[in-house]
Every structure is written in C-alpha cells, then in structure tokens.
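Residue numbers (the numbering used here), protein chains in the order written: chain A, 165 to 388; chain B, 165 to 388; chain C, 165 to 388; chain D, 165 to 388; chain E, 165 to 388; chain F, 165 to 388; chain G, 43 to 294; chain H, 43 to 294. Where is the CB? At the ideal position from N, CA and C, for every residue including glycine. Note that the coordinates shown come from a computational prediction; the quantities given were computed from them, not determined experimentally. First the structure, in the form of structure tokens, and then the observations on it.
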Amino acid sequence: MEKQFEDFRHQLDESGSVRERIRSVVMEMEAAARLVHSSLLLVHQSLPVLEVLEKTKLQIEVIKGLFGRLAEILRERPDQYYRYHGDWRSETQTVVSLLAFLHWLETGSLLMHTEAEKKLGLDSSEFGLDIEDYLIGLCFMSNELPRYVVNQVTAGDYDCPRKVLKFLTDLHAAFRMLNLRNDFLRKKFDGMKYDLRRVEEVYYDVKIRGLASTESTQDETAQA
Amino acid sequence: MEKQFEDFRHQLDESGSVRERIRSVVMEMEAAARLVHSSLLLVHQSLPVLEVLEKTKLQIEVIKGLFGRLAEILRERPDQYYRYHGDWRSETQTVVSLLAFLHWLETGSLLMHTEAEKKLGLDSSEFGLDIEDYLIGLCFMSNELPRYVVNQVTAGDYDCPRKVLKFLTDLHAAFRMLNLRNDFLRKKFDGMKYDLRRVEEVYYDVKIRGLASTESTQDETAQA
Amino acid sequence: MEKQFEDFRHQLDESGSVRERIRSVVMEMEAAARLVHSSLLLVHQSLPVLEVLEKTKLQIEVIKGLFGRLAEILRERPDQYYRYHGDWRSETQTVVSLLAFLHWLETGSLLMHTEAEKKLGLDSSEFGLDIEDYLIGLCFMSNELPRYVVNQVTAGDYDCPRKVLKFLTDLHAAFRMLNLRNDFLRKKFDGMKYDLRRVEEVYYDVKIRGLASTESTQDETAQA
Amino acid sequence: MEKQFEDFRHQLDESGSVRERIRSVVMEMEAAARLVHSSLLLVHQSLPVLEVLEKTKLQIEVIKGLFGRLAEILRERPDQYYRYHGDWRSETQTVVSLLAFLHWLETGSLLMHTEAEKKLGLDSSEFGLDIEDYLIGLCFMSNELPRYVVNQVTAGDYDCPRKVLKFLTDLHAAFRMLNLRNDFLRKKFDGMKYDLRRVEEVYYDVKIRGLASTESTQDETAQA
Amino acid sequence: MEKQFEDFRHQLDESGSVRERIRSVVMEMEAAARLVHSSLLLVHQSLPVLEVLEKTKLQIEVIKGLFGRLAEILRERPDQYYRYHGDWRSETQTVVSLLAFLHWLETGSLLMHTEAEKKLGLDSSEFGLDIEDYLIGLCFMSNELPRYVVNQVTAGDYDCPRKVLKFLTDLHAAFRMLNLRNDFLRKKFDGMKYDLRRVEEVYYDVKIRGLASTESTQDETAQA
Amino acid sequence: MEKQFEDFRHQLDESGSVRERIRSVVMEMEAAARLVHSSLLLVHQSLPVLEVLEKTKLQIEVIKGLFGRLAEILRERPDQYYRYHGDWRSETQTVVSLLAFLHWLETGSLLMHTEAEKKLGLDSSEFGLDIEDYLIGLCFMSNELPRYVVNQVTAGDYDCPRKVLKFLTDLHAAFRMLNLRNDFLRKKFDGMKYDLRRVEEVYYDVKIRGLASTESTQDETAQA
Amino acid sequence: AGSAKKPKTMMDSAMKEEFAKHADYLNALNDKRERVVKASRDVTMNSKKVIFQVHRISKHNKEEVLSKAENDLASVTDQYMSRLVKELQGTDFWKLRRAYTFAVQEYVEAATFCRFCKTGTLLNLAEINASLLALSDKDVEPLQINVLDYLLGVADLTGELMRLAIGRISDGEVEYAEQICKFVRDIYRELTLLEPMMDDNIEMKKKMETMLQSVVKIENACFGVHVRGSEYIPLLGSSDPDYSFLGVPDFE
Amino acid sequence: AGSAKKPKTMMDSAMKEEFAKHADYLNALNDKRERVVKASRDVTMNSKKVIFQVHRISKHNKEEVLSKAENDLASVTDQYMSRLVKELQGTDFWKLRRAYTFAVQEYVEAATFCRFCKTGTLLNLAEINASLLALSDKDVEPLQINVLDYLLGVADLTGELMRLAIGRISDGEVEYAEQICKFVRDIYRELTLLEPMMDDNIEMKKKMETMLQSVVKIENACFGVHVRGSEYIPLLGSSDPDYSFLGVPDFE
Ligand SMILES: [Mn+2]
Ligand SMILES: [Mn+2]
C-alpha cells in the first residue's frame, strides 16, 4: 500500500507541472500573436500587403515553434491532448484568424485547414488543429473585413469591396452547409452575416457613385 | 472550399454521436453499479460475505463488459480519452468504491490500483483507470465503513471494529502522504477523518465493555 | 393571425382562472396541513398516540374536503390533471407524509397507496393520488423517524428503535425495487439512507447498553 | 421642466442626507452589537452568566442611545419609517438576538416584544420595533442554542439540555401558530427545527448515558 | 408567551391580507398596462398618434381606478405606504413610462410629475406618486425612443430625429442635475445616454444624406 | 495573544478612519467631476470650445483642491498610497478623461502624464497620478470621440472626422507599444478599437460623399 | 439472537407487493419517457436541419430550396413526429410534456418557418394539429400540440425570421425584408399580451426579450436600407427609391 | 495619394516618447510582478507541504514530525520568502499585494501552525516580521507582512487546527484537543472584533464562517469524547474519567 501511494504522490506532483509548462508556452504564443496582429493592423492604414507579410513572417515562425513545443509536451502524455485542450484554444483561434487574413491578402483565397496545419507545423495524426478552432478562427477573420473595406475605400481602392464581398459571400455559403449545434461556433457564425451586410453596404456606396465599375470584369478572372 | 466544408459537416455530425454512444454505455453502467450496491447493502443486515460476493459477481462482469465497450468507442478516437472523460468519471468512482469494499470484505486488504484495473479489464496503456478516480473511489468506500461497524456490533460481531479501525488507520496514513490540491479529492479525503473517528468510537464502546478482548490476538496474525 | 391569437387569449385566460381557483384551495390545504403537522409534532413530546390521532381527525376531514374541491375544478378540464399538477404537488406530498406517519403510529404498518387515496376521498379513475407524490410523501415521513426514535428513547421507550429499524429497513428495501430516474424522488430516496443510518445508530446505542434486550420478542405482537 | 428637476434635486439631496445620517448611526450600532456579541461568546467557555451580563451592560446602553438617535432622525419624516427601514433592519435583528439570549441566560424565559422595546428605549407609537425584526432576532438566538448546550455539557452541566429543550420546544410551538409568508422570516423559522433537533440529540446523548437523570424533577418547579 | 404570539398572529394575518388585496389590484394593473403597451406599440408601425391615443384611453381610466383602490387600501394603514411600496413599484413605473410616451406623442413635451399624478387621480398628501418611480418611468420611456425614431425615418418622417434629439438632450440634461445614489434609478439613468447616442446616430444618418435639411427651422418655433 | 490583537484593533481602527476621510473627499470629487462632465457634454451640442473651457475652470480648481486634501491625508501614512488607492481610482480616471478631452479640444494634442499631474497639483514624488489610472482615463476619453465626431458632422463640421481619426489612430498605435496584462486597462484598451472603427466609418461617410475634400486647408495638402 | 436477525432480511410481504406494483408503474412510465425522449431528439435534430435548409435560400433558388425543405419537413412529420404521436395519449400530453416540449417547439418553428417562406403567412396551430390527426390510429386519442408549445415555437420562429431578413437584405430583397418586419412585429405584439397568461412564463419572458432584439435588428436593417435608398432620390428625380442597386451583384 | 498615406503611419513623436516611457514603466512593473508571482507560487506550494507534514503527527512521532516540519519551514523562509523579500520594497508592499497575498497567508498559516504544535501559543506578527528582517540587505526597506495578510493566514490556521484536533481525538489525545478548542475559540472571538475593520472584509467574512464551522466541529468532537468518557464514571467510581481507553489501541 505504501509503495502504491508513494507512486501516486509522484504522479500527482508531476501532473501539476504539465499545466504549468503549457501555460508558459501559451503566454508566449499570446505575445507573438499580438505582434502579428499589430503588424496586420497596418493594412487598415494602407500599408502595402507585401510589407505587412514581411513584417509578420518572423513572428509566425515563432508561433510555429511554440506549437512545436506544445506538441512536444503532449508527446510525453499521449492521448491527453483533450485533457489540456482548453488551455490553448483561444490563442489558437486567434492565430488561425491572423493566418487566414494574411493568406487572403496574399492570395485572395481561403486558407484551408490543411494549409493552416502546415503553416503551424502541425500533424493531424499527432497534435492537430481542432476543426472547431479552425472554423472559429475564420469567423474572427470575417469580423475584420468590414473595417478593412471601409478603410480601403477611404484610401481610394474602390475595387476592394467587390472582392471582399465575393469572398465573404462564398465563405458564408460554405458555413451554411454545416449543421451547427447551439454553441460558441454557432454564435460566431451568426455574427458573420452582419459583416456580410456591412460589406454589401460599402459595395453599394461605391457602385451607385460609379466608382467601382471599370476594373471589375478583368480582375474577376484572376480572382475567381 | 466546398469540399472542405462538406468534410467538416460529416465530422461534426459524427462527433455528436460519440457522446451519445458513451452516454448510453454509462447509463447501463450506472444501473449495473446500482444492482451491485443493492446486494452489497445486505452486509449491513449481516448476510454472510460469501453470499454477498456471489450475488454481485454477475453484475461485476456486466460492468467489465461495459468498460470494454467504452474502450472500444474510444479506440476509434485515439487520444480523445480526456475529451470525454467527464462523462464516465462519476460512475467509475462508484464502481471502484464497490469493488474496494467487496475486496476488503473478502481479503481484509486494500484493492490496489492495478488490481482494480484488472477486475475491470482495463489496460493502462490504452484505456486506464484514472488515479484520481481510483482515490476518490477509496474515499467513498471509507464512508461506508462506520455504518458497517455499527451494524456488525449490533449483530454481535465485536471484533469487527478493531479490524476496520486498523484498516482505516492505515489507509488514512497512506493518503496523508499525498500532497493534494484544493479540489474534490482533497474534500473527500478530509471527510475520511470523520469515518475514522466514528469507527474509533465504536471500538471504544466495545472495548470498555470488555466485549472485544478475547479474540483479538490470534486473529491479528492472520490479518496484519 | 389575429383571430387565432384572440382564441388563445380566451383559452389562456380561462386556464389562468383555473389556476387562481386552485391556488386558493391549495393555500387552505397548506394551512390545514400545518395544523395537522403541529399536532403530530406532539408525539416527539411523548403525547399518547391516541390523543394525537384525535387532535388531527378534524383537519384531515378538512383536507379531504379540499381535495374534493380540487377534483371538482379539474373535472371541467379532463386530461389536464398534469397540466396543473405542479400547483398542488408539494402540499399533497406533505399530506401523504403526515397520514403515513399517523398510520404507522396507529398500526405499525405502511399506509398503502389505495389507503391513502381512500383517506383523502380520491378516486384514481378521475382525480387520483399521483404515485410519485405518494412515494415522495413516504420519504418525507422517513425523515421524521430518526427524531422520533431519539425522543422516544429519551422518554424511556427502549423498544422503539428496534421497531422503527425494522420498518425503515423494509421500506428502504422496498424502495430499492424501484428504478428511479435522476429526479426529485430519487434525491429524496437517497436521503432516506441517512435516516436508516441514524436509526441504526440509536438501536446500536440501546443494544450495546443492554437496554433493548429483554422486551424484544413478546412485545412484537402487542405493538401500540 | 428645469423647475421640476430643481425641486427633485432638493428632495433627493435631503433624502440622501437622511440616509447618510442613518448610515453613520447604524455603523456605530453594528460596532456596539459586535462588542456585545464578543462578550456573549464567552458563555461558550463557561464564563458565569453574571459576569457576561456585566460585560455587556455598557454597550447595551450605547445601543439604546443609538436607537434614540435613529428615532430622532425619523421624527422629521413622519410616515417614512418603512422607507428607510431596510437600512437598520439587519442590525436591529442582531441586537434583538443578543438581548434575547442574555435575557434567557438571566431569567430562563423569553424576552417579550415589549420588554425588548423597553430595553432599547423604543416607543411603538413613534419608532417601534418591527415585529418581523423581533421574530427574526429570536430565530437568530435559537441558532446559538445548540452550540451553547454542547459546550455546557462538555463543561459538566448535564441539566442544561433539558432546560434548553423545554424552552426551544415552547418557542417553536409558539412560532408555529403564525401564518408566515414565504419570506426571509419563514426561512429563518424553518431553520429553527434543526436547532431543536440538535438539542434533542444532545439531550438524548446525556440521557442514554444516565448523566441527566438525578436533578431533573426538583429543578422543574424552580424554572417553569 | 402564548398571548404575545396570538397577537402577532393577528397582526401578521392582517398584514398578509393587505398584501393579498394589493396583489390582486396590481395584477389587474399589470394587465391594463399591458393593453396600453400593446396599443402603443402600433406607433412603430406608423399608426397615427390620434388613433393610438384613442385606443389607450379606456385602459388608462381603468388604471386610474386601480390606483384609487390602492389608495383606499392604504388609507386604513397610514404611514405604511413605504412598507408595501415594493408591491406596486414596478407596475407604477411602467404606467408612468407609457403615459409619458403618449403625452410626448400628443404634445411634444415632458409629462410633469403633477400631471402624471393628475392623470392617475393621485393626491400627494395621501397616496402620491413616488418621485423615484416617476423618474424611473421616464428612463423607461427614453428606452423606447431610439426604436421609434428609426421606424419613423423608415416611414419617411425625416424630421422626427431632430425633434426627439432635442427632447432627449433636454431630458438628459435635466437628469444630470440630480445627485443620484448608486441604485436602480442611477443605473437606469446611466442607460439613457445610450438612447441619446443612438438618436444622435440616426439624426446623423439622415443629415449626412441631406434628408433632414429643409423643414428644420420653421418647425422649431412651433415646437419649442 | 490578547495584547497583539488589541494593537491590531488600534491600527485597523485608525486605518478605518483614514478611509472614512478619503471617502468624504472622494464623494465631493465625484460631484465636481460630474459638473465638469455636464459642461463638457455641451460640446456635443456644438457650444464653442472656449465657452466650454470657461465653464469647467472653476470645478477643475475644486478638484485640484480635493486632490490636495487626499495628498494631505496620505502624507500621514507614507508608503500606503496603494493601500487606499482603490478608493479614489475610479474618480481619478474620470477626471483624467475629462481633462484630456478638454486639452485635446483646446490644443489638438494629447494631455501628457506630467501635464495632467500639474493640472491636478500632484507631485509624483509624494502623491502622484498612477500611470495606469492615467492610461485608463485616456481610454475613457477615446470612448467619447465617436459621439463627438458624429455630432460635429451633423452640425456641419466635415473636417472634424479627419482630425479625430488622425489623433485616435496615433493614440491607438501608441497604446499598442504597451505590453498590457489581462486586466481592466487591457479591457478598456480593447474597447478603443471600436471607437477607432466608428470614427473611420464617419470619415468614410464624409469622404465618399465628397464632403471632406473642399475645406481641407494647408494641412490637407500634406494629408490627402 | 438468530431469529432476531432473520426478519430483517425478509421484507414485509404486503409492502413487497405494494412496491412491486409501483415498480411496474414506474418502469412502464420510464420506458415510455425514454422512448419519447429519443423520438424527441430525432424531431429536434431534423427540424433544425429543415431550418438550416431554408436558410440556404437566395434570390435565385427559392423554389428549389423551399421544396427540398418542405420535403424534409414532411419526412420529419412522417418518420419522427409519428413516433411521438404513437407514444403519447391522454394524460401523457401533460405528464410527459417536459420530455417532448423542446422537440415540439422546434418542430413548430420549422413548420411555421417553411410556411412563412412559402406564403408569407403564419401556419395555424389548428392546421398543424390537423396534420397530426392523420398520423394516429382512429381508436386512440391523437396527440394535439398545446397552445403553450405552439407559442414557444412561434417565439423561436422570430429569431429565424430575423436571420432570414438580414440575409434577404444582403440579397437585395428589401421588400421581402419589410414584409418580414411587419410580420414579426405583429407576432411580437400579439405575444406581448399572451406572455403573462402562459402557464410557466419565465421561459416565454426570456424569449420575448430575444424577440424584441430580433425586431430591432430587422428594423435597423430596414432603416439602413431605407436611408441609403433615399439618399439619391433628389438626384434621381424619382419618388421611388431604386432598390435594384442593393444586394449582391450578379457575379455570374 | 502615396504621400497622403504616409503621415498616418508616422506617429506623433511627442506621443511616441510619452508612451515609450510608460511602456518601460509597465514592462518593469510586469516583470517584477511576474517574478513576485513565481516566488509566491513556490512559497504557497512549499508552505502547504509543511502543513501536510505537520498533519503526519501521531502520538508517538511528535518530536520527529515537528522537527522535520520546522526544518521544511525554515527552508521555505530561506529559499522562497527571501526571494519575495528581495523583490519587494516600499510602495510595492501594497501595490503588488494581490500578487503575493495568498502566498504570505499560506506562509503565516504554516508558521503559526508549527509554532502552535510546538508550544501551544500563537506566533506573533512581530516575530515573523523580525525573522524576515534577517533576509534582506540592510540598505533596502525590508518586507514586512501586513496585519491583513497575517490575520487572513491566522484565519486559515483554524481550519488546520480543526483537522488536527479531530485527528488528536482519534489518537486519544483528548486534552490536547481541548487545548486546541480553547485556542481556536479565542482566535475566533478576537477576529470577530477585527473582521469588520479589515480593509476589504468580504474575504475575511467568508473565512469567519468557515472558522465558526471549525470551532463547532471541534466542540462537537470534545463533547462526544466527554459524554463517552463520563458514561462510566459512576461505574468506575472515580471522578476522573479514564481517557486511556480512548484513542487508537496499540496494535504494535
Ligand atoms: Mn431557432
Ligand atoms: Mn489551509
């Protein structure tokens, strides 16, 4: 009996320390994500996309490294991913939203789940990107788009609303294919329709003033 | 994009059903544990231990089978044990408390963690018995002992208090070796000292009346 | 649309007035039950059972009359017994617990469901006594027994614990035959084990002091 | 509009200053009551009742003075007693509970409502002691009795349980005559039965061990 | 003791019956207020104000009668207005908010406290309209205005925002003269600034689109 | 033991009276700040800035005096500034937000920390302005700007959005230099982005309608 | 002493008989409840899917989306509601209400949602109940949805209508949104009067608050589209705002 | 257009300077706070271990268990409290109190617990603070535990004393339990007077309730042992109850 409880003592003492280690990684991740966010905000002030991408590169590598460390911690404790999942969810969602925005700025298309995992150096078979976290991240990204459109128009880019509207319409349609439960994700998705509406309003504003007409068709082929 | 969301739809739909399947196994486990408990209660009415053990055998096999089914469900979803752990915790703790009581009745010694896993057909490397669940189960067992002692004395078994007191004193001492956090387990362990005190009181009652003295020494060697 | 909601308004208005009428009956019932309870409490001060029974007779007739009025109100709304059931449940359970205690004092046996209905002038085919209410009432009665036993022993009746223990053990075993859901009745029944334990303790107290031994067998036949 | 709000400002300011004045009196009252409470706690350590009474005298005079000040403040605002009543309720209830306990220690009888008013220098026709506050105070006092009884027995006073039980049984019966609404007082009164039960248990504990037997009859006459 | 509790019983019973009578009046008042509210909701669908006023007239008379009944009940218990005040507060506040909205629709000006009392047949010297209830009622009315303005503009009334903004700005300024305690009224008033802000936004929306410009000056004289 | 607690009582008693004195100063400060706020609100109704400044001067002096009194109280308790800090934090933050807004109206630039201290007669070496309070005050000021911009545009000042947007963008960027913990300041700062977004929207509104272009003075050439 | 212990384990036989009766009763009740719960879960899940399906509507696919939704709804009725109908009768309607109320509310929500999208009207309780009559055998008393569940379902409907309205505006169907606005306002006003009369109105009270928020959201959306549409009236010299500008452009 | 965008990204330089200053201040403060939090966590964890160690006491191992506990406590002081002491000075005591208060409370709890078990007395705040003086350099103002943290720690102490008392009774040390009872009652009575004066007394209020429960638990335990011990006084013909019957028997 004594021997057994001696063992338990060690195990219980140890298990507390895993949480501590995760916590410290997550704190760093939060800081790195904040830096990425800071740089990304400059698109609202019309900094060229390439410069923004450049500025964020380094921190994204940092984040990738941090996910590596998380995976490593969890590797010692196989099948305990979901025991600690709540500890890094929120930061992961933020990271996904940032990556997806950057990706859209760069390519005009949606960052896929596998692409996101690749960018973060994750491996589904071992330490993957939870699907709900990915989807929530996309919703967060959607929330940034109306502001982006407004500021682009103010800065004279009248074609932006059309492009964003097309993208967001598609994304919204894709989400509607899911049967969501009444949870956080559903709530976030519900908010997306307001983003859609605001972008539509801006598109309307530029369209009735004849500001958007010229460039629209040729660009279409390149994008869609 | 569409393809990806199509996949997500399937995955999200499926994941809901795992919880449903677990729930149904757990409900059966709860019913089986209740039957074991019902039979076990007869020791308070002085049914011979062997008869009690006989009565519970079948249901314990049922429980073992149910743990097998849980393991099977989780086998399809490796490393998601802790995603669903909360769904079967409470029942597992009850089962441990019942097994540990039966084991003590049979052998006079503590049911070890590995023994408990063996009785439930569990395999630590795959679907194990969480240590905290095991320990909480032991606390629950401890709660039953004062009542058992009182009823045994009423039925004329004056040696029982001494044996239980010895066992509970050792168990309590073993628990004191652990550094417990301020959580549910700590609270349960805190309750154990009242069980200890009550058993001590009963032992005192029989001792001052000279009821316990004769048989104590020879039995000692067999037990300790 | 308006027409339909107009209709609903009438239906709900009527239903509201039914509820008001029930409410006023139930308030009277509550007062009558309180008076019965007040008299019944005197058994704890060792008032002879017959006197207690005498004191409660009148109010029990009052309660019977009130159930008659409830039945009458519900007669206008066939099949809606369970729509309004919640409005008189709690009082009904109290009444059952009082009747069952009185009955046990008088006869030493359990008040059966049909007996309870008869005492309350109820007719199962029309306005019956819900079985769960009956069972909850029995649990409430059980809660009174430890106190009764303690006070009886204080007053010098050392045979009482044995009789109550027999009754309560049987009742508890009978309840265990039921498959209870995780509801109020289950919770109340779970509480019964504390009553049983306390009565066992008192029986233990008198037994170990040799206070209970002599009178046990012959008294069985005489009872009250 | 401006004129009207100008008026309101004055009225609200005035009412605010009344509240401020009450607040400052009540804070002093709370401090004084706490001193009384602290002295009263010594009865649990078997300090002679007379000494306890002596220690509390001064502060009770202070409290009386404070009620005088409250009455004075309210004299300016006839018929607004109940507007501000909530501001001193809780302290008044505490004071009543302290006085009632002291009174019982001194005389063995219940502090009547009029006696309480007299002790606090209150005059029903002007600034009286609200009946519900008085009753709630009694419930609070009742809560102290089980602890008192336990400690008295530990200190060797085996007759105390019987006396307290008699007092509490009577008080409980008196309360049962009232039709209480479903409010705070009702809840407090419902709690009183646990005090009663606990005192009965203590009485049982001394009685079954033959500790309470000798002095019981002669003392009866002196008390009742 | 018994005598005293007998007295208490009478007093509590009486006070209970006062409460019951108030309750029944208040229930009717709530129903009448709801009918007024329901008619008043039609202004959002641009029903002409005169028709709305017509529809509500009858129920307002009903409410007036109910306040008469309240006053009558309280007449028996002078200086206990504030004892029972909580029982009709909430409904009174609702009634004030409805009257004040109707009054504003009719006259474009604020319903004064004395006017409100007059409309409800109240007499300050006996059973008045508590100032805080009146003020809270005004806050509730303010909460309705943003929605009203939005719907009026949608219905083509582009001058409405300016008028409401003027009214609400003045009302808000008048409230700011008061020193409010940290209570419910304060919280409600704090909410008023969001109404103000929302109306400003609506005004901005029509103004920036040149929809509000023409009629603004001449109408000013007619209103203020 | 008693001696030590006696000492503590004196210490805490004294500390309590310090708190009472602070409380009374803070209540006055709250009233003065409310008056400043009331005057400041007139900028939303387009009262000239100079008049607004004039109106607030006196109360700002009052506030300065009150800070002097606070400093005096704390002078007796060196090093205990942060013990009582919570008692005046909220009011200080409000005061900073008012001063900063007034300062911006007057100069178009940010009120620096040392300037704020100077205006309040504070001395960092003794009783300074906590930096976090200063920063929170700035956030509060930011919350007022969207409303200000909306009302200025309504009043015909189409250049205001550009100026405010420049200021707020800078302020927001400056805040991003800080590493904020997950505390109140962080939460307030997080709210600032909504202010920024709203001002961007208003700027967008005037820009897309060509309302902002003409009046742009020399500053414009550099800007647009 | 031996005989003293025996009676303890032998339960009083009258008591045993009594409780055996109750055990049967409770077992039957629990089994039925469990079946009702399971059927309810299916009704809920599939009604939700119908609602999701309706939301996939757009300007151009209305017919197709709605006819699929109606088919789905019909199979909810036939496959799952029919199971509920078979389990329940007489006093069960109220006794087991807790077990099926959410399902029935969701079903009402789905059915009324489909009907509104199709015809712009409110599907009546009587009509729903009539359709349920067909599901049951003639000899048993058929399940009839009670007023309360119907009203609670209609309350939820307004949330879906709000989502629909916002979507329709994005899609350029402004008049449709205005029609929804009027419809939801009417429902809100009617329910204002009914809410306090409902049996256990805490639930409805919460829904009323959500509903008011939905109404305001629709009104704000209509307001936005109106002022935007009005902005160029003077410029266009027409009294009729040209809504054709609004809405998702034809990318196709 | 190119030049139009530039100024936006160039922040006002005075503002930049101002915020750079604040950033430095906040960074320094946060770093210090983080270090204090880490030290605090170590203090808490290791103080808890000291308390657990004391609870391993039994009738026969008292000396040994306590001397181990005291050693452990001394190393908490030397290794971890000293880190706290080094981080904190002057206004930090109050500004960063939230960061270390729980640790200091736990430390007070452990220190007073050891002292009580050793001597039966309450370790004074002045004594604790004196021991901390030794840890700091002479030139900085040394950390002194404030009255509030001390009292909050003492409040928690009573919970541990309750556990101890129950355990001692089981172990037959009745008089020891009675001594604890008296001690805890005295603390409770003193704190009754201090509680309302404490700076932020919600925390203390909760602890007072827990403390009263602890007092009652001890009193009930003493009561139980007393009435059991009194039962055979007449039989034994002695006025002194024979407590030697109580407690765990010597199995050894
Ligand atoms: Mn829905
Ligand atoms: Mn502790």
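One or two residues paired with residue i in a DSSP bridge
i: F291(A); result: D287(A)
Contact belief for residue i with residue j at Cβ below 8 angstroms, rounded distance in angstroms
i: V200(F); j: L230(F); result: 12 angstroms between Cβ atoms; not a contact.
i: S198(H); j: K249(H); result: The residue you asked about is not Ser; residue 198(H) is Asp in the sequence shown. Between K249(H) and D198(H) the Cβ distance is about 7 angstroms, and since that is below 8 angstroms, they are a contact.
i: E281(B); j: G292(B); result: 6 angstroms
i: L309(C); j: L332(C); result: 6 angstroms
i: L126(G); j: R75(G); result: That pair is no contact at about 12 angstroms.
i: R173(F); j: D251(F); result: 21 angstroms between Cβ atoms; not a contact.
i: N343(B); j: K91(H); result: 6 angstroms
Partners in chain C for residue i, counting only beta-carbon separations shorter than 7 angstroms
i: D228(G); result: M165
Closer than 7 angstroms at the beta carbon, the chain B residues around residue i
i: E191(A); result: The sequence as given places Met at residue 191(A); Glu does not occur at that position. Within chain B, no residue comes near M191(A); the closest Cβ sits about 21 angstroms away, beyond 7 angstroms.
i: R340(C); result: S202
Chain I contact for residue i (CB, 7 angstroms cutoff)
i: D297(E); result: Any reference to chain I falls outside this structure, whose protein chains are A, B, C, D, E, F, G and H.
8 angstroms Cβ cut-off: residues of chain E touching residue i
i: R231(G); result: S202, L205 and L206
i: V317(F); result: Y368, K371 and I372
Interface partners of residue i on chain E, CB under 9 angstroms
i: D150(F); result: Outside the displayed range of chain F (165 to 388) lies residue 150(F), so it cannot be described from this structure.
Chain D contact residues for residue i, given Cβ-Cβ distances below 8 angstroms
i: D369(C); result: I372
Amino acids of chain D, ordered along the chain, whose beta-carbon sits closer than 7 angstroms to that of residue i
i: R311(C); result: R361 and E364
Interface residues of chain G facing residue i [CB-CB closer than 8 angstroms]
i: Q209(E); result: K224 and R227
Chain F contact residues for residue i, given Cβ-Cβ distances below 7 angstroms
i: D33(H); result: Since the first residue shown for chain H is 43 and the last is 294, residue 33(H) is missing from the structure and cannot be characterised.
i: R345(E); result: The premise fails here: R345(E) is roughly 11 angstroms from chain F at the closest Cβ pair, so nothing lies under 7 angstroms.
Within chain H, the residues that residue i reaches when beta carbons sit closer than 8 angstroms
i: R198(D); result: T234, L235 and P238
Proximal residues, the stretch 150-167 of chain H versus chain F, C-beta separation under 9 angstroms: T163, L164, N166 and L167
Those runs of the alpha helix (DSSP H) which lie wholly inside the stretch 206-280 of chain F and span at least 4 residues: 213-239, 245-248 and 253-271
Beta strand (DSSP E) runs wholly inside the stretch 165-197 of chain A, at least 3 long, in chain order: none
Chain E contacts made by the stretch 235-266 of chain G, where a contact means CB separation under 7 angstroms: L235, P238, V258, E261, N262, C264 and F265
Entirely enclosed alpha helix (DSSP H) segments - the stretch 246-280 of chain H, minimum 4 residues: 275-278
Interface positions of the stretch 172-192 of chain B facing chain A (Cβ-Cβ less than 8 angstroms), listed along the chain: F172, R173, Q175, L176, D177 and G180
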